[in-house]
Amino acid sequence: MRLRGRKGIREALEAQAELIELNPAAYKGKWNAVFGNDRPIHVELGMGKGRFISQLSSLNPEINYIGVDMYDELLRRAGEKAVLSREENGGTLANLRLALFNIEKIEDIFDTDELERIYLNFSDPWPKKRHARRRLTHSGFVRKYMDVLNENGEIHFKTDSRSLFEFSLNSFSDMGLRMRNISLDLHAEGPRTDLVMTEYETKFFGQGMNIHRLEVVIGSHALQTHLSGLELNEKQEESNKDLTEQDEM
6 MRLRGRKGIR EALEAQAELI ELNPAAYKGK WNAVFGNDRP IHVELGMGKG
56 RFISQLSSLN PEINYIGVDM YDELLRRAGE KAVLSREENG GTLANLRLAL
106 FNIEKIEDIF DTDELERIYL NFSDPWPKKR HARRRLTHSG FVRKYMDVLN
156 ENGEIHFKTD SRSLFEFSLN SFSDMGLRMR NISLDLHAEG PRTDLVMTEY
206 ETKFFGQGMN IHRLEVVIGS HALQTHLSGL ELNEKQEESN KDLTEQDEM
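Be aware that the sequence shown starts at 6, since it is given in my numbering, and climbs by one per residue.
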């Protein structure tokens, strides 16, 4: 997607300095200062044209969002989409930044415990076995995510590729990570209105393709909250079972 010969891309990106970061490594460990607050930071790695991150940041002003991509043309389009989204829905761009960077070096732009959530949406499946290490759910990448995510850290992953989803399930499982909300057909009963859809997702859903999704619980506090919720649900189910048995007596 990189349009190397296109004139004016760099100038267009530089003109949106309040939104676009062309040297994100300069802000490692300082992203809260960039946003001017201590709110949680959620990042989409490989944001494409930016629809997902723009809508999400518009819907959740109490969270700071960073969209990362290595292609300057996609960054330009995402910037335009973000501005348009705010014009249509109101609000400001104060909680959104777009960063030009190769996510293979994520540790160079985010410090330990700096992020709360990472989104991986429709990443390149790299189907050939010899390219497995390039998949964004490979253990080599996941270890980097685990370092930059804080005690509330989570990874939210979506893909249309069954092979990548299977690989990812095994990758997370082999690392001993807790997964939840695993779905092999996310929109089986119609579009999930509680989740923001990406451009690819909308297209694939329209073609009748299955969307696979899961969440990985990384941070210690996030894991404890998850386990406590499971325990509470079990107690509630037992209570409901006892009440039903009493009614039947």
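All residues carry an ideal CB built from backbone N, CA and C; glycine is no exception.
Note that the structure is a prediction, hence the values are computed from the model and not measured.
With fewer than 16 other Cβ atoms inside 10 Å of its own Cβ, threonine 198 counts as exposed. The residues Asp118, Leu120, Glu121, Arg122, Ile123, Ile160, Ile223, Gly224, in chain order, have a CB closer than 8 angstroms to that of leucine 154 in the same chain once the five nearest residues on each side in sequence are set aside. Secondary-structure assignment with DSSP links isoleucine 46 through a beta bridge to Asn69.
The straight-line gap separating the alpha-carbon atoms of lysine 133 and leucine 98 is approximately 39 angstroms.
Excluding residues up to 5 positions away in sequence, Tyr70, Val201 lie with their Cβ nearer than 7 angstroms to the Cβ of leucine 61 in the same chain.
Counting along the chain, the unbroken alpha helix (DSSP H) around tyrosine 205 starts and ends at 204–211. For serine 63, DSSP records no beta bridge to any residue.
For alanine 227, the number of other beta carbons within 10 angstroms of its own is at least 16, and it is reported as buried. If you check the CB distance, glycine 72 and leucine 27 do not come in under 9 angstroms. DSSP lists Asn126, Arg218 as the beta-bridge partner residues of lysine 163. Counting of Cβ neighbours within 10 angstroms places aspartate 43 among the exposed residues, the total staying below 16. Taking a cut-off of 8 angstroms on C-beta distances, the stretch 211–221 touches the stretch 180–187, as three or more cross pairs fall below it. Taking the C-beta atoms as reference points, leucine 18 is found no nearer than 9 angstroms to aspartate 113. By the neighbour-count definition (other C-beta atoms within 10 Å, threshold 16), lysine 163 is a buried residue. DSSP places glycine 158 within a strand segment (E or B) once states are collapsed to three.
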